[in-house]
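Using this note's numbering, you'd call the opening residue of the sequence shown number 3 and step up by one each time.
The structure under discussion appears below in the form of structure tokens.
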Amino acid sequence: MAEDGTEQTAKGKTGDDAPKGACTLQKKSPKLCGTNYPLSIAFIVVTEFCERFSYYGMKAVLTLYFLNFLHWDENLSTSLYHAFSGLCYFTPVIGAIIADSWLGKFKTIICLSIVYVTGHVIKSVGAIPVVGDQVLHVVLSMVGLSLIALGTGGIKPCVSALGGDQFEEEHASERSKFFSVFYLSINAGSLISTFVTPVLRGDVKCFGGDCFALAFGVPAVLMVLALVIFISGSGLYKKTPPQGNILLQVCQCVGFAIKNRVKNRSGLIPKREHWLNWASEKYSKQLITEVKMVTRVLFLFIPLPMFWALFDQQGSRWTLQATKMDADFAGLILKPDQMQFLNSLLILIFIPIFDLGLYPLLNMCRFNFTPIKKMATGMILAALAFAAAAIIEVKINEHDMPKPVPKGSFLQVLNLADNRVQVTVQDQDLFQQPIETFQDPAEYSKLILSGQQQTLRFNLQETPGSASAFNHTVQEKSVYSLIVYKAGGSISSRLITDMQSKPVKGMAAVRFINALDQNVNITLGSQEVISVNKSYGVSGYTTLERGTYNKRKCRTETGEFSLDLGLLDFGASYTVVITNASGNTLRMWKSEDIKANHIHLAWQLPQYMLISAGEVMFSITGLAFSYSQAPVSMKSVLQASWLLTVAFGNVIVIIVAQAAPLEQWAEFVLFSGLLFAVCVVFSIMGYFYWAEFVLFSGLLFAVCVVFSIMGYFYVSVDPEDLKEKEEKEETPSNMISLVPKKAKV
């Protein structure tokens with residue numbers, strides 16, 4: 003998963019270091035099994051495993067919770083998912099400030115972990131259906147998620163840094179290996195939780211539906227366990243006191259430089275070599291030099307949020323895509339939100355492959371695969387992942403239910419009569435051929451209406467037999483079935499409303515038409531009983547897990563019969579007509595109104611492989627590069643800045659999901675300049691859902707080009723060499739004595 007800053011930047015986190023010249027007594031932690039590894043790191047690694055299990059386990063089911071429990075639409079669910087993800091990467095700045103300026107790393111982790119646990123508990127209570135109404139559920143969910151975001155983000159820059167603090171300087175190699183183990187523990191926790199919590203959600207039923215309360219409650223327990231384990235190792239940790247917030251100093255230095263430059267914009271004042279030199283009246287030369295190094299790297303960070311805009315959609319758009327796919331793996335049924343575990347699994351596989359295989363091979367071939375080239379390649383791979391997702395979405399939509407438009411509806415005819423029937427509809431050119439008895443409709447036919455609703459005349463001619471005419475009122479943007487049957491020796495009809503879209507969560511939907519002359523009660527599950535009135539009564543839709551439903555009990559006034567429904571498949575909608583009884587069984591006819599999901603979930607594997615490979619090249623390489631380009635005292639600043647690129651990437655997704663509803667994308671120009679080419683492609687795409695995947699893929703391609711150009715002109719430096727060069731240069735005396743003043747008018 004995208005645990006961006008933990009492995010690399012934590013090595014240089016110095017916010018808790020003791021002030022220079024201070025004399026602090028630090029006891030040495032006991033070693034782990036006779037090695038140079040402090041015993042305290044075992045507590046830190048296990049704590050991180052539990053915390054990441056807690057976070058990613060909760061996050062794995064979050065989109066479906068919004069969609070199916072709070073009943074929000076896909077765009078709002080996506081926006082709230084990414085708003086939460088973005089907030090989790092804004093709050094590390096708060097955690098860094100608290101740790102550096104006030105409490106120190108250890109106490110900050112304790113305090114914010116308590117906030118974290120509180121958020122989990124509130125979130126779990128908000129997922130209990132019997133607790134309050136919909137408004138209370140939303141309030142509890144938002145409060146819980148806000149506390150979780152503060153907790154997980156606040157401790158993010160502290161836990162790994164505390165681990166790095168446990169090592170003495172002479173054990174730098176052991177510290178480096180510790181961060182590799184730390185990163186693996188993160189992905190191990192993510193891997194297990196993203197597989198387990200969807201099972202707790204879907205396979206365990208509580209309160210008559212999916213058990214979101216349990217799916218959120220187990221991560222809460224893991225976070226409590228993480229807190230207990232972390233506190234248990236308290237006596238072993240090497241704790242350094244807070245020194246002051248270097249991030250705040252950087253912001254103040256930059257702000258003063260800008261303010262000073264604006265005040266002294268007169269042409270009479272000599273120009274300075276660098277705009278940050280305008281802070282020399284207040285800040286030390288060393289601080290200014292180090293801030294210059296940081297700003298050079300931050301400039302390269304500008305286009306990076308687009309990568310995270312794509313990456314974090316694994317838990318939103320890709321999960322929603324999975325709900326419309328066939329998830330049967332030779333009898334093993336995967337939940338849509340379980341596919342996210344592939345990212346963590348592939349990361350665990352790709353890291354050694356890349357570090358021990360691919361990169362050394364490229365070096366042997368004397369290919370200069372610089373960090374900039376690695377990051378650009380990672381962005382291209384992520385863009386290709388979304389191109390693959392777009393192709394899959396196109397294939398999914400080929401058999402999707404057509405969407406009704408204004409002044410339009412869709413109609414199919416179910417002929418339950420004894421003979422073929424010719425159907426004609428007023429002012430409509432439909433049904434050229436007679437409809438055979440119990441003929442499975444191939445597809446819906448489109449009705450063109452004169453307004454929001456219209457009463458149409460339906461003429462029915464039985465062959466051989468009588469003719470009849472019926473008036474039915476049709477609403478726009480609706481889907482109907484016209485039931486044709488025999489009543490009292492003559493042909494009759496009934497217009498019923500059909501399901502307009504696939505059942506949620508990849509489930510199946512079924513309704514019943516009772517052609518018997520007595521009422522029936524059908525038992526599908528252990529307790530659920532569906533009552534259908536006699537003489538062509540129609541039941542409502544019932545949603546069921548995908549599976550084979552044979553030997554279901556069906557009671558009538560004359561006895562109990564067995565009903566074999568067969569396979570009810572992923573995402574399909576069925577109409578089952580009960581015609582007559584024979585022996586101990588009922589004769590029935592099943593019509594598939596909405597086709598089952600026909601694209602297998604395994605087709606998502608290529609896009610997960612591409613984006614996971616992109617993460618290894620982009621995220622880990624980017625952190626290593628930015629770490630090498632910053633002075634020791636500024637590592638925490640770059641860590642916070644890197645995490646902010648993740649936050650802003652989620653903001654981009656929110657803007658696209660909310661400001662540009664997909665059916666109106668062709669009417670809006672969302673981006674200009676860099677995004678112009680992508681908008682042209684998008685306008686051609688029109689109103690299709692998969693256009694969002696094409697948009698994000700194109701955006702990342704464009705950003706990758708810009709980033710590559712920026713990287714081409716970037717010259718890598720050693721911070722220590724640059725600092726020595728700055729110290730050798732003499733500052734002109736007129737700059738030292740300059741007093742800020744207003745320019746002459």
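Positions of the beta carbon are idealized from the N, C-alpha and C atoms, including for glycine.
Just confirm the distance between the C-beta atoms of Y551 and L526, as a whole number of angstroms; I'd bet it's less than 8 Å. 6 Å
Bridge partners for H602 per DSSP, in chain order? D328
Which stretch, first to last residue, makes up the beta strand (DSSP E) that contains T120? Note, T120: premise wrong, no beta strand (DSSP E); alpha helix (DSSP H) at G106 to G128.
Determine, using beta carbons only, whether V534 and V522 come nearer to each other than 8 Å. yes
Count the C-beta pairs between the segment 330-345 and the segment 189-208 that are closer than 8 Å, then say yes if the count reaches three, no if not. yes
Excluding sequence positions up to five away, which residues of its chain have a Cβ less than 6 Å from the Cβ of L66? D339
Here's the rule: buried if 16 or more other CB atoms are within 10 angstroms of the residue's CB, otherwise exposed. What is G17? Confidence in G17 is poor, its pLDDT being 40 and thus under 50, which makes the residue's placement unreliable; the coordinate value appears in the next sentence. It is buried - the Cβ of G17 has at least 16 other Cβ atoms within 10 Å.
For L806, which residues from the same chain have a beta carbon less than 6 Å from its beta carbon, with the 5 sequence-adjacent residues on both sides left out? Given that the chain is displayed from residue 3 to residue 747, the structure contains no residue 806 and the question cannot be resolved.
Just reading off the beta strand (DSSP E) that F412 is part of, what are its end residues? G410 to N417
If you draw a straight line from the alpha carbon of F472 to that of R548, how long is it in whole angstroms? 38 Å
Quick check on V680: buried or exposed, where buried means 16 or more other Cβ atoms within 10 Å of its Cβ? Low confidence applies here, because V680 scores a pLDDT of 31, under 50, leaving its location unreliable; read the following figure in that light. So V680 ends up on the buried side.
Cβ atoms of F232 and I111: under 8 Å apart, would you say? yes
With a threshold of 16 other CB atoms inside 10 Å of the CB of P354, please say whether the residue is buried or exposed. exposed
Three-state secondary structure assigned by DSSP to A489: strand
Whole-number beta carbon distance between L612 and L386, since they are thought to touch under 8 Å: 5 Å
Euclidean distance between Cα positions of E50 and F209: 33 Å
Closest Cα partner of P159 within the set V531, G453 and Y91: Y91
Three-state secondary structure (DSSP) at H474? strand
Using only the alpha-carbon positions, how far apart do D442 and T577 sit? 10 Å
Can you give me the start and stop residues for the beta strand (DSSP E) that L360 sits inside? That residue, L360, is in no beta strand (DSSP E); it is neither H nor E in DSSP.
Could you check where the beta strand (DSSP E) with G568 kicks off and where it finishes? G568 to L570
Which two residues bound the contiguous alpha helix (DSSP H) that contains M50? Inspection of the sequence shows that residue 50 is occupied by Glu rather than by Met. Run containing E50: S42 to A62, per the alpha helix (DSSP H) assignment.
With DSSP run on the structure shown, which of helix, strand or coil describes A510? strand
Endpoints, the alpha helix (DSSP H) within which R298 is located: K287 to F303
Out of A101, V141 and G237, which one is the CA nearest neighbour of G156? A101
Kindly indicate which three-state DSSP category I271 falls into: helix, strand or coil? coil
Close beta carbons around G675, own chain, < 7 Å, minus the five adjacent residues each side: Since pLDDT at G675 reaches only 31, below the 50 mark, its modelled position is unreliable, and no value is offered.
Excluding the 5 residues flanking A151 on each side, which residues of the same chain have their C-beta closer than 7 Å to its C-beta? F86, L89, C90 and T93
In its own chain, which residues sit with a C-beta less than 6 Å from the C-beta of I99, not counting the 5 before and 5 after it? N247
How far does the alpha helix (DSSP H) with K158 in it reach, from first residue to last? Q136 to D167
R422 bridges to which residues according to DSSP? T465
Delimiting residues of the beta strand (DSSP E) encompassing I450: S447 to I450
Rounded to a whole number of angstroms, what is the C-alpha to C-alpha distance between T297 and L278? 10 Å
Does the beta-carbon of H73 have 16 or more other beta-carbons within 10 angstroms, so that it is buried, or is it exposed? exposed
I'd like to check one pair, V655 with L418: are the Cβ atoms closer than 8 Å? no
Using C-beta distances below 6 Å, list every residue in its chain close to L114, excluding the 5 sequence neighbours before and after it, in chain order. G153, G156 and I157
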